[in-house]
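Shown next, in structure tokens, is the structure this report addresses.
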Amino acid sequence: MHSIMLWAGIMISGRTRLHVVANGTMSGQRYIDEVLLPHIRLFRGAVGDKFVFMFDNATCHRTLAVQDCLDREGIQRLVWPARSRDLNLVENVWDALGRSFRSKLSSDKQEHPHPCTHRGMG
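The numbering of the sequence shown is full-length UniProt numbering, which starts it at 1 and goes up by one.
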């Protein structure tokens with residue numbers, strides 16, 4: 001079985017597209033290059049001086065490389081205590097997305113019992 005990781009950014013007035021990580025793991029440097037820098041500047045530009053970056057406690061978020069990058073960019077961060085899933089909006093969004101995805105998979109299996117007959121979420 002193959003696994004993928006999905007990364008996305010949300011804010012009050014919008015969101016990023018999903019970023020699919022299909023090969024390997026998300027290191028701190030990969031996160032900076034593929035996810036953080038392409039989006040953080042756009043979000044900061046959209047929000048302005050009051051921009052505060054909020055992220056979950058994923059391993060790649062806590063690397064020194066990511067912290068240094070955010071410092072160089074002058075990005076203010078909202079620090080979350082460890083294991084604070086119920087307080088973090090990002091975790092609640094991922095939870096809702098996961099439930100929706102599992103529901104869609106369940107209904108697809110009922111309509112298409114053979115896994116190779118239907119791909120994607122439509």
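From the three backbone atoms N, C-alpha and C, an ideal C-beta is built for every residue, glycine too.
- For residue 39, the uninterrupted alpha helix (DSSP H) segment begins and ends at 37-47.
- Nearest neighbour of residue 25 by Cα position, chosen from 71, 45, 37, 61, turns out to be 61.
- Taking the Cβ atoms as the reference, residue 80 lies roughly 6 Å from residue 57, within the contact range of under 8 Å.
- Contact check for residue 6 against residue 18 passes: the beta carbons are separated by less than 7 Å.
- Annotated as distal: residue 9 and residue 66, with beta-carbon spacing of 7 Å or more.
- Membership of residue 21 in the beta strand (DSSP E) is indicated by the continuous run 19-21.
- Residue 77 places its beta carbon 7 Å or farther from that of residue 51.
- Assigned with DSSP and collapsed to three states, residue 7 falls in strand.
- Here residue 39 has 9, 16 as same chain residues with Cβ atoms under 8 Å from its own Cβ, once five neighbours each way along the sequence are excluded.
- Residue 20 is a Cβ neighbour of residue 4, given a cutoff of 7 Å.
- Secondary structure of residue 98 (DSSP, three-state): helix.
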